[in-house]
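Remarks on the structure that follows.
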Amino acid sequence: MITIVAAAAENNALGKDNDLIWHLPDDFKRFKQITTGHHIIMGRKTFESFPKPLPNRTHVIITRQENYKAPEDCLVVGSLEEAISICPKEEDIFIIGGGEIYSQSMKIADKIELTRVFATFEADAFFPEIHLEEWKLTNEEFHPKDEKHAFDFSYQTYVRA
C-alpha cells in the first residue's frame with residue numbers, strides 16, 4: 001500500500017522556505033508512529049529540512065541532482081517511479097513530501113493520512129486538492145488547540161474511492 005502522509009492548512013499550505021509553518025507535537029508523534037519501520041519517500045528539499053535522517057526508517061530521496069551525496073543508509077533515486085520500484089513490494093510505503101512529490105503521488109497512492117490544520121498561512125509549498133470523486137474520507141479525529149498546539153486540527157484518513 002502506498003500512503004501519503006502530510007499536514008496541510010485549510011488553504012493547503014505545507015511550508016515556507018523549506019520549513020514547517022506550525023508546531024503540532026501530537027502530529028509529530030502520529031507521524032513517527034505511522035512511518036517508523038518503513039520506507040519513506042521524499043524530495044531532496046524535504047530531506048534537507050530534517051536536522052538528520054529520521055530514526056528507524058529507510059529514507060528514499062528523489063532528486064534531479066547528479067551525484068547527490070546522502071548519508072549512509074539513505075537511498076537516492078531520480079524519480080517517484082524509481083523510488084517505489086526499490087521499496088519492498090510486500091511492505092507499506094509512505095510518501096512524506098514535499099509539494100511536487102505529493103502532486104505526482106496523488107495518481108498512484110492508495111491512502112492519504114492528512115493532518116488538516118484549521119488556519120490559513122502564507123506558503124511556498126502546497127498540498128494538492130483532494131478530489132472527493134477520487135477519495136473517500138473514512139475517518140476524522142478532531143483536536144482542539146491547547147497549551148501545546150496553537151491551532152485546531154483534525155487527523156483525516158482518505159482512501160481511494
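Numbering of the sequence shown is given in full-length UniProt numbering, commencing with residue 1 and proceeding in unit increments.
Where a beta carbon is used, it is the ideal one built from N, C-alpha and C, also for glycine.
Could you pull the DSSP bridge partners for residue i from this structure?
i           : result
residue 143 : 153
Since residue i and residue j are thought to touch, with beta carbons under 8 angstroms apart, how far apart are those beta carbons, to the nearest angstrom?
i           : j           : result
residue 41  : residue 96  : 7 angstroms
residue 18  : residue 121 : Wrong, their Cβ atoms sit about 15 angstroms apart, outside the cutoff.
residue 130 : residue 108 : No, residue 130 and residue 108 are not in contact; Cβ-Cβ is about 15 angstroms, not under 8 angstroms.
residue 98  : residue 125 : 5 angstroms
Let me check understanding here. Comparing Cα to Cα, which of the options lies closest to residue i?
i           : options           : result
residue 101 : 29, 10 and 14     : 14
residue 94  : 61, 23 and 152    : 61
residue 28  : 66, 50 and 106    : 50
residue 36  : 26, 47, 24 and 55 : 55
residue 119 : 144, 26 and 134   : 144
Going by DSSP, what residue range makes up the beta strand (DSSP E) through residue i?
i           : result
residue 8   : 2-9
residue 15  : 13-16
residue 184 : Because the chain is modelled from 1 through 161, residue 184 falls outside the range shown and cannot be assessed.
residue 80  : It is not in any beta strand (DSSP E) - residue 80 instead sits in the alpha helix (DSSP H) that spans 80-85.
residue 61  : 58-62
Between which two residues does the alpha helix (DSSP H) containing residue i stretch?
i          : result
residue 94 : Residue 94 -> not in any alpha helix (DSSP H); beta strand (DSSP E) instead, spanning 93-95.
What are the complete alpha helix (DSSP H) segments, minimum 4 residues, inside the region 12-53?
Listed in chain order, the complete alpha helix (DSSP H) runs (minimum 4 residues) inside the region 12-53 are 25-35 and 44-48.
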